[in-house]
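Below: one structure, written as structure tokens.
Number of protein chains: 2
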Amino acid sequence: MFRDFSPQELAFVSSFKIAEMPAEPGMLIMVEGEQNPSLYTVLTGWGFRYKILEDGRRQILNYVLPGDMIGLQGNVMAEMQHSVEALTRMTLCTFERERFPSLFRNHPSLAFDITWMASREESMLDEHLLSIGRRSAQERAAYLLAFLDWRAKGTMNERKSGVQLPLTQQHVADTLGLSLVHTNKTLRKLADQGLVRWLDRGCAVMEPEGLYRVAGWRPPNEGKRPFI
Amino acid sequence: MFRDFSPQELAFVSSFKIAEMPAEPGMLIMVEGEQNPSLYTVLTGWGFRYKILEDGRRQILNYVLPGDMIGLQGNVMAEMQHSVEALTRMTLCTFERERFPSLFRNHPSLAFDITWMASREESMLDEHLLSIGRRSAQERAAYLLAFLDWRAKGTMNERKSGVQLPLTQQHVADTLGLSLVHTNKTLRKLADQGLVRWLDRGCAVMEPEGLYRVAGWRPPNEGKRPFI
DNA sequence: CGGGCCGTTGATCCATTTCAAACATAGTGG
DNA sequence: CCACTATGTTTGAAATGGATCAACGGCCCG
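If you read the protein sequences in the order shown, they are chains C and E.
For what it's worth, the numbering used here labels the leading residue of the first sequence as 3, then goes sequentially.
For what it's worth, the numbering used here labels the leading residue of the second sequence as 3, then goes sequentially.
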């Protein structure tokens, strides 16, 4: 599921990587407004990107899973425009931003991969925007869970649904732009239809096809993707 | 407001550019689901990117203005995940996608610019997502108009507000994720406060600071940006 | 003069929010 | 072992922001 690299590329990526870092659930990996000299690749675990308004209203923008880069979003060299928090225990691989120019100069194919990843993130944001702007609560919830289940599958070797998504309903609410109460009622309906099952702090997708139908959405097929 | 290029870069960009193309208002520049061998830089005029659901519900994702690239979003080499329509008469500069690898190989600084632009687009989408997900109708409308006014200023030499934004209220509604009727009432209130003025098929921002206050948002300062 | 597109307004309806409260579970300290 | 607290889920009732329905007026253009 990930593309192969040449020995040169691997050597460079290894030298690029300066440290491996663990993160505990709830830990802030990046903070809006701060300038972070490094950026990360997710090796294991889940996290999410979000923004908050002054009065505390929070919007989750997207989730980060193994293989994703953190900190690529929002001017590669400037201060962060959003925060990133760990959802589960994570392990991250650290890179220094200042080595970016060298990467672009010496490894065009890796540079291309980075652009590819940025562009993939954009596609996801586009779909989220469509979802929040124009889909009903039911459709939104179905879309989100199907989307996350699909992404979860994409990080595992045996690609099957039903893995537990490590979220609380508060996370779902803040992703969908709905209130916690209404989110609960909406999820309840999906669970009553047997499409998902809500567990302790998490949910498992039982019938992805059913969710696709409700949401009016299908996962795109991406082919192999880079892993830096 | 745009960064300077070296003679080599200029020469390459010129060779990269294969044609200049005009577009009339309402014309589709890219269509969701199609594979377009070229992509464009906007030289003049306004357009917008959008997605539609099967039943016709439309969500405008973002606007494209002079200096922006069209078609960069969504896997650089695959089929489009959204459509792009001209809002005013536009002139576009055409590039062939297949020349991307060569650009990345021979002009790292231009490759970096492309990543920079993708990352800038992402920042905008993040803010839109926050807006649609968590801001009230008033706040959203104020944000959108302030945002567009700011972007319009960024394409002109004398940077002042009050230029006419070439939109209908239907466009605003489809951007904000609101109904046309409610959008009208919301815009009316902003106009009654003297913050904006609604003209024939467009609107002019009278008091950007007032909009910033209502929206709880300030435009970021970007410094110089690339123009490819 | 007629038709189409766009903006405007009032009335009604409903999806979602807000308020309020209860329950379940896990962790903590006495 | 049991109160005690914190976090997360669930439910009902009331309030409301925004959607929908319906209609009108202005303007441009053929």
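For glycine and all other residues, C-beta sits at the position ideal for the given N, C-alpha and C.
Distance between residue j and residue i (C-alpha atoms, nearest Å)
{"i": "E:Gly-76", "j": "E:Met-126", "result": "15 Å"}
{"i": "C:Leu-55", "j": "E:Ile-134", "result": "12 Å"}
{"i": "C:Phe-50", "j": "C:Val-66", "result": "6 Å"}
{"i": "C:Lys-226", "j": "E:His-84", "result": "22 Å"}
{"i": "E:Phe-114", "j": "E:Gln-171", "result": "37 Å"}
{"i": "C:Pro-221", "j": "E:Gln-195", "result": "45 Å"}
{"i": "C:Cys-262", "j": "C:Leu-167", "result": "Residue 262 of chain C lies beyond the residue range present for chain C, which begins at 3 and ends at 230; the question has no answer from this structure."}
{"i": "C:Leu-169", "j": "E:Asp-151", "result": "38 Å"}
{"i": "C:Ala-21", "j": "C:Leu-12", "result": "16 Å"}
{"i": "C:Ala-217", "j": "E:Arg-122", "result": "29 Å"}
{"i": "C:Arg-215", "j": "E:Ala-175", "result": "26 Å"}
{"i": "C:Val-165", "j": "C:Ala-120", "result": "26 Å"}
{"i": "C:Gly-156", "j": "C:Trp-48", "result": "13 Å"}
{"i": "E:Arg-153", "j": "E:Ile-230", "result": "18 Å"}
{"i": "C:Glu-209", "j": "C:Ala-143", "result": "14 Å"}
{"i": "C:Glu-211", "j": "C:Leu-178", "result": "20 Å"}
{"i": "C:His-173", "j": "C:Pro-68", "result": "19 Å"}
{"i": "E:Leu-213", "j": "E:His-130", "result": "16 Å"}
{"i": "E:Arg-243", "j": "E:Arg-199", "result": "Residue 243 of chain E cannot be examined here, being either before or after the span of chain E that is shown, 3 to 230."}
{"i": "E:Arg-136", "j": "C:Arg-59", "result": "6 Å"}
{"i": "C:Pro-24", "j": "E:Val-207", "result": "48 Å"}
{"i": "E:Lys-162", "j": "E:Leu-146", "result": "17 Å"}
{"i": "E:Asn-108", "j": "E:Ser-17", "result": "13 Å"}
{"i": "C:Asn-186", "j": "E:Asn-186", "result": "32 Å"}
{"i": "E:Gln-37", "j": "C:Lys-19", "result": "36 Å"}
Reduced DSSP category for residue i - H, G, I as helix; E, B as strand; rest coil
{"i": "C:Pro-39", "result": "coil"}
{"i": "E:Pro-110", "result": "helix"}
{"i": "E:Leu-201", "result": "strand"}
{"i": "C:Met-126", "result": "helix"}
{"i": "C:Arg-220", "result": "coil"}
{"i": "C:Met-208", "result": "coil"}
{"i": "C:Val-15", "result": "helix"}
{"i": "C:Phe-149", "result": "helix"}
{"i": "E:Glu-26", "result": "coil"}
{"i": "E:Arg-136", "result": "helix"}
{"i": "C:Arg-227", "result": "strand"}
{"i": "E:Arg-215", "result": "helix"}
{"i": "C:Arg-51", "result": "strand"}
{"i": "E:Met-3", "result": "coil"}
Buried/exposed call for residue i, threshold 16 Cβ in 10 Å
{"i": "E:Gly-28", "result": "exposed"}
{"i": "C:Met-158", "result": "exposed"}
{"i": "E:Gly-183", "result": "The sequence as given places Val at residue 183 of chain E; Gly does not occur at that position. Result: exposed."}
{"i": "E:Ser-138", "result": "exposed"}
{"i": "E:Gln-10", "result": "exposed"}
{"i": "E:Ile-31", "result": "buried"}
{"i": "C:Glu-26", "result": "exposed"}
{"i": "E:Gln-61", "result": "buried"}
{"i": "C:Lys-53", "result": "buried"}
{"i": "E:Pro-103", "result": "exposed"}
{"i": "E:Asp-128", "result": "buried"}
{"i": "E:Pro-228", "result": "buried"}
{"i": "C:Glu-224", "result": "exposed"}
{"i": "C:Asp-57", "result": "exposed"}
{"i": "E:Glu-124", "result": "buried"}
CB contact flag (residue i, residue j, <9 Å)
{"i": "E:Phe-7", "j": "E:Val-15", "result": "yes"}
{"i": "E:Pro-180", "j": "E:Thr-188", "result": "It is Leu, not Pro, that sits at residue 180 of chain E in the sequence shown. In this structure, E:Thr-188 lies closer than 9 Å to E:Leu-180 by Cβ."}
{"i": "E:Leu-45", "j": "E:Leu-112", "result": "no"}
{"i": "E:Gly-73", "j": "E:Arg-99", "result": "yes"}
{"i": "C:Phe-106", "j": "E:Pro-110", "result": "yes"}
{"i": "E:Gly-35", "j": "E:Glu-87", "result": "no"}
{"i": "C:Tyr-42", "j": "C:Thr-117", "result": "no"}
{"i": "C:Leu-63", "j": "E:Leu-201", "result": "no"}
{"i": "E:Gln-140", "j": "E:Leu-192", "result": "yes"}
Any non-hydrogen atom of the ligand MN closer than 8 Å to residue i Cβ
{"i": "E:Phe-229", "result": "The ligand MN is absent from the structure shown, which contains no ligands of any kind."}
To test your reading of the DSSP string, which unbroken alpha helix (DSSP H) runs of 4 or more residues are found completely within the region 156–190 of chain E? 171–178
Report the start-end ranges of each beta strand (DSSP E) in the region 53–106 of chain E that is 3 residues or longer and not cut off at the edges. 60–66, 85–88, 92–98
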